[in-house]
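Read the structure below first, then the notes.
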Amino acid sequence: MSGGKAITCPACGGKIEVRAAGFTVNLACQNCGSLLDVSLPEVVLIRRYKNAKDRFALEIGKRGTVFGQEWEVVGALRRKDQITIWQEFLLFNPYLGYRWLLVADGEWQFGTPLADRPQGDRNRVFWRGENFSRLGRDQPTSTTAVAGEFYWRVKAGDTANATLFQSGETILSREVSDGEENWTQLVPVDETEIENAFGLNRRSLPRRKAAQGLMQFKAAPGMEQDDLGRMFLLAMAISLFAAIAMALLAGPSTKTSSMIQVPVGGQIAPVKIGTITVRRPWQFVTIDADANRFENRWVDLEYNLVDRSSEQSIDAFGLVEHYAGTSSDGAWTEGSHHGDTMFGHVPRGTYDVYVSGSAHGWPVDPAVTDAWGSTETINLTIEASTGAMSWGMWWTLVFALFAWPVSILWWRFRDK
Amino acid sequence: MPVRGPSLPYGTCPYCQTLILREGLRVEDVGKVAVLPFDVSPIQLGTTLVADGRGMQVVGRVRWAWAGGSWNEWLAIAETGAQFWLAEAAGMFMLTAEWPQLLEDPKVRSFAQGEAITRGDVIEVEGRQLFASDIKKVECLGSEGDLPISTLVGTRMTSVDFRSASGEVLSLQRDKTSTTAWFGDSWDLTSLKPGNLRQLEGWTIPGEPR
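Chains as they are written, first to last, in this note's numbering: chain A, 138 to 553; chain B, 185 to 394.
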């Protein structure tokens, strides 16, 4: 049907149609798969194969319309890099030249070879008024199977070094092989458009990567295969494990709370908050202090856990402070209306919890009484509990676990 | 025998493949030219092109072969008589005009004297840097129409292509007797506003009704 040229395969004797006669250099016989040189009037056998027919998503010889122009599928390549395996199809129209269709991970791209070369460096190139930034790193790619005909000396085993640059939906691909540099502009095209144009052997599509959710970023084109996904999963697993372990270690929980008032510029004598019981050989005990809103005040708190049987006291200190002001950089605040104190190693026993403290103004204490004769006080709710978990410790662990994979991820994607 | 380029010395007889040299009123049989192999080039003798506002017509073709394949060089002549080579490669076109002043360039001069050019060598033309990208020993596969050069079977030359980032091309061609320099640009067929394209069976010429 096309105005091609018929030749006879020197390997199998079968008739082969050369679709891009005059342009095609190498051709894989559609009957036996042998690789032929058809660039000269006499057909030369380069490599003999027997029945090396490979299945591709598009059939050689199919015609269809892509982006409003008619193309014939004349060649097909299976290629791979360290991440994925994909298929490339060479499209031909004698009046328009060559184009490419690429399919990888369920995505199709339409490629146009460039006569003008993008300019730039390793990370960024400039082409027709647009900046493109590098996507992933250079990838060695290799061709694993060929079918149909090509305008250069193609063969399975060919290697090239590929780099991708991206701007929006457009990707520029640079391939270097044997010192020759080729640039192709790639734009996405819908699979339905390809299916309508050429028909699709769905069973021969490159397998989709099991790349979903958290692992998705691994499948980004040009991303090398690595342990980043596993690092994230491992970090998550350890965080979860640590949370469970800490909850188990923390043991049974008892709680007591009470409210105290501390005069600003004054102090209060020890007040009993309540009683808690440590039922394990030892447990953490935390005391949380929650204050009403105030500015430029601080409250020093002293906590005493007094063992009922031995009358021994375990002491710790807490601090609640909050400041606000305006500097040359604008308004600022510092501190918190909340303060946690943790007793790290409290032996088994029943403890009365006492709190005493003093409150102060910053930079100086205010007058003890205001014009109405009342004293400013700070109200604090003090809650003591056993079986508490050290969330601070847990977050430190989480931070340490994720710092490395997150920095890798950030480093990779900062250029996008 | 139709003559499209009367100013050109060589013509190939389409019936007997004889290469004819015209000198004034004298016509000389120079030898035989190989039959061109079939191809699906959209260009044919008589195709018209417009580049940078200059109209031209294709009057001849040489097909060259090298280790990596073969390609067509079409000769086009403008109304002024100026000659252009239209090189066809992988569906892209390079249209070059003769650039004799470049023969003064020291690098070109040493090439003309037989020195080699290596890939990556730089030549500046019209303020653009062009890099040697293709260095080929080529052999004539056949010809048709009117041409400025002899295309007898076995004609060989060295062809070096330089390219710039923005698509300009410089082609140096050295045969046994002389060296010529050709400078121009890369084009796709549509932007050359082609007329009288070859009708290829089974294909629709873009822009023409089916």
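From the three backbone atoms N, C-alpha and C, an ideal C-beta is built for every residue, glycine too.
- Residue range 365-387 is occupied by the alpha helix (DSSP H) that includes A:L365.
- Neighbours of B:L373 in chain A, taken as residues at a C-beta separation under 8 angstroms, are given in chain order as Y232, L233, G234.
- Interface annotation, A:L177: in contact with chain B, CB-CB separation under 9 angstroms.
- Scanning chain B for C-beta atoms nearer than 7 angstroms to the C-beta of A:Q256 yields A349, reported in chain order.
- Counting only the Cα atoms, A:Q276 lies some 24 angstroms from A:F369.
- In this model, A:V175 and B:F295 are separated by some 32 angstroms (Cα to Cα).
- Under the DSSP assignment, A:I451 falls in the beta strand (DSSP E) whose first and last residues are 450-464.
- Separation of the CB atoms of A:H482 and A:S473 is rounded to 26 angstroms, and the pair is thereby denied contact status at 8 angstroms.
- In the pairwise beta carbon analysis, the region 484-495 of chain A is classified as touching the region 442-458 of chain A: at least three pairs are separated by under 8 angstroms.
- Close partners of B:L381 in chain A (Cβ separation under 8 angstroms): Y232.
- Here B:L205 is near B:V214, since their CB atoms are less than 9 angstroms apart.
- Nearest CB-CB separation between A:P250 and chain B: below the 9 angstroms threshold.
- Identification of chain B residues near A:G305 by a Cβ-Cβ cut-off of 8 angstroms yields none; the smallest Cβ-Cβ distance measures about 22 angstroms.
- Within the same chain, A334 come within 7 angstroms of A:T202 by CB-CB distance, once the 5 residues on both sides are set aside.
- According to DSSP, A:C149 shares a beta bridge with no other residue.
- Cβ contact annotation for B:L314 (same chain, cutoff 8 angstroms, sequence separation greater than five): V306, I307, E308, F346, R347, S348, E352, V353, L354, in chain order.
- For B:L279, the uninterrupted beta strand (DSSP E) segment begins and ends at 276-282.
- Relative to the Cα of A:S522, the nearest Cα in the group A:G257, A:R416, A:A428 belongs to A:R416.
- Taking 7 angstroms as the upper bound on Cβ-Cβ separation, chain B lies near residues K142, A157, A158, G159, F160, V162 of the region 142-173 of chain A.
- Within the region 321-345 of chain B, those residues whose Cβ lies closer than 8 angstroms to any Cβ of chain A are, in chain order, L325.
- A residue is called buried when at least 16 other Cβ atoms come within 10 angstroms of its Cβ; B:V211 does not meet this threshold and is exposed.
- The C-beta of B:L376 comes no closer than 9 angstroms to any C-beta of chain A.
- Three or more Cβ pairs closer than 8 angstroms define a contact, and the region 202-215 of chain A falls short of that threshold against the region 275-295 of chain B.
- Rounded to the nearest whole angstrom, the C-alpha separation of A:I197 and B:G239 is 38 angstroms.
- Residue pairing by DSSP leaves A:K187 without any beta bridge partner.
- Per DSSP, A:T329 is one residue of the alpha helix (DSSP H) stretching across 328-335.
- If you look at A:V535, you'll find it isn't in any beta strand (DSSP E); it sits in the alpha helix (DSSP H) that goes 528-550.
- DSSP places B:F295 in the uninterrupted alpha helix (DSSP H) bounded by 290-296.
- By the neighbour-count criterion, in which a residue is buried when 16 or more other Cβ atoms sit within 10 angstroms of its Cβ, A:L342 is buried.
- Within 10 angstroms of the beta-carbon of A:E317 lie fewer than 16 other beta-carbons, which makes it exposed.
- Of the other Cβ atoms in all chains shown, fewer than 16 fall within 10 Å of the Cβ of B:T374; this residue is therefore exposed.
- Beta-carbon to beta-carbon, B:L384 and B:V246 are separated by about 21 angstroms, too far to satisfy the 8 angstroms threshold.
- The beta carbon of B:I301 sits no closer than 9 angstroms to any beta carbon of chain A.
- Note that the C-beta distance between B:G252 and B:R188 is not below 9 angstroms.
- Where B:W366 is concerned, the enclosing beta strand (DSSP E) starts and stops at 363-371.
- Looking only at B:G386, B:Q267, B:Q357, the smallest Cα-Cα distance to B:T339 is reached by B:Q357.
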